[in-house]
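Chemist:
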């Protein structure tokens, strides 16, 4: 399993300098880091960390409203070029608030917007990720369930356009996290993890039950990073290390070993 950590959750809370934080993160077994501010990218790479994600800045005004496309699509093109130039694997984009849109209208607009950037993403090797966000933390976010993201990604039909599926958001919205197949996992470019209890560290007794979930997702073909995106305890790096161990424990570790040996 490959593990990454989102800077917005951990870097400032760690109390460490960026260089020292990245060094300790790599020593704790992490190989990726996410949403790194441009001044810190070289420091992360110097520590041996892959830059896994960056995002467009606006969660509220997204691809689901066609009126946004005039300014948002050029912004996404520019962000793709920036990601490519800085060796960032994925670019995260958002549906935005639903407002008065129907599901069909929002899906159609997201499809058209993502189709317009797909060829550019394919050429650069950057994957554009439509993120699924729960409506409790992100009021009125239209892409709040797998049921919205899936038809968008399927309709776009590009290897460079996938979804970012956060199992925490899925749990909060009541998505079915028990059934995974190759077709579903093939639509997912990146996964985030957190416990649904106060978006805290996944640990025994919290939901989702990651040691039970992870083997099914791996068996269905997922080979990407497991991105940690939760609110940690006081000792940030120790907290992340404990979470990594929990995700790899029991069934999850066995499943990974079986896949490596196959």
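In the numbering used here, the protein residues as written are 18 to 279.
Even glycine gets a Cβ: it sits at the ideal position worked out from N, Cα and C.
None of these values were measured; they are calculated from a predicted model.
Assuming residue 39 contacts residue 60 under a Cβ cut-off of 8 Å, what Cβ separation, rounded to an integer in Å, is found between them?
Modeler: Working through the chain shown from its first residue, we reach residue 39 at position 22. Working through the chain shown from its first residue, we reach residue 60 at position 43. Correct: roughly 6 Å between the Cβ atoms.
Chemist: Here's a check: name, in chain order, each residue in its chain whose Cβ is nearer than 8 Å to the Cβ of residue 24, leaving out the five neighbours to either side.
Modeler: The residue you call residue 24 lines up with position 7 of the chain shown. Cβ neighbours of residue 24 beyond the five flanking positions: 50, 51, 52, 53, 54, 57.
Chemist: Please check if any C-beta of chain B sits within less than 8 Å of the C-beta of residue 63.
Modeler: Looking for chain B here will not work: only one protein chain is present.
Chemist: How long is the line joining the alpha carbons of residue 255 and residue 31, rounded to whole angstroms?
Modeler: As a working note, residue 255 is residue 238 in the chain shown. As a working note, residue 31 is residue 14 in the chain shown. Straight-line Cα distance between these residues: approximately 10 Å.
Chemist: Only counting the same chain, and skipping five residues up and downstream in sequence, which positions put a Cβ closer than 7 Å to that of residue 151?
Modeler: For the purposes of this step, residue 151 is taken as residue 134 along the chain shown, with counting starting at 1. Result list for residue 151: 161, 186, 189, 190, in chain order.
Chemist: DSSP puts residue 107 in a beta bridge; with which residues?
Modeler: Translated into the one-based positions of the chain shown, residue 107 becomes position 90. DSSP output for residue 107 lists 70, 144 as bridge partner(s).
Chemist: Does DSSP put residue 6 in a helix, a strand or coil?
Modeler: Shown here, the chain extends from 18 to 279; a query on residue 6 therefore has no answer.
Chemist: State the Cα-Cα distance for the pair residue 168 and residue 209, rounded to the nearest angstrom.
Modeler: Start at 1 with the first residue of the chain shown, and residue 168 comes out as number 151. Start at 1 with the first residue of the chain shown, and residue 209 comes out as number 192. Spanning the two alpha carbons is a distance of roughly 20 Å.
Chemist: Starting from the Cα of residue 117, find the closest Cα among 212, 183, 198, 81 and give me that residue.
Modeler: Start at 1 with the first residue of the chain shown, and residue 117 comes out as number 100. Minimum Cα distance to residue 117 is reached at 81.
Chemist: Give the C-beta separation of residue 108 and residue 96 to the nearest angstrom, bearing in mind that I take them to be a contact with Cβ-Cβ under 8 Å.
Modeler: As a first step, residue 108 must be located in the chain shown, where it is residue number 91. As a first step, residue 96 must be located in the chain shown, where it is residue number 79. With a Cβ gap of about 5 Å, residue 108 and residue 96 count as contacting.
Chemist: Report the three-state DSSP secondary structure of residue 54 (helix, strand or coil).
Modeler: Your numbering for residue 54 matches position 37 in the chain shown. In the three-state reduction of the DSSP assignment, residue 54 falls in the coil class.
Chemist: Between which two residues does the alpha helix (DSSP H) holding residue 258 run?
Modeler: As a working note, residue 258 is residue 241 in the chain shown. Here the alpha helix (DSSP H) through residue 258 covers 253 to 264.
Chemist: Run through DSSP, which three-state label would residue 165 get?
Modeler: The count along the chain shown starts at 1 and reaches residue 165 at position 148. Helix at residue 165.
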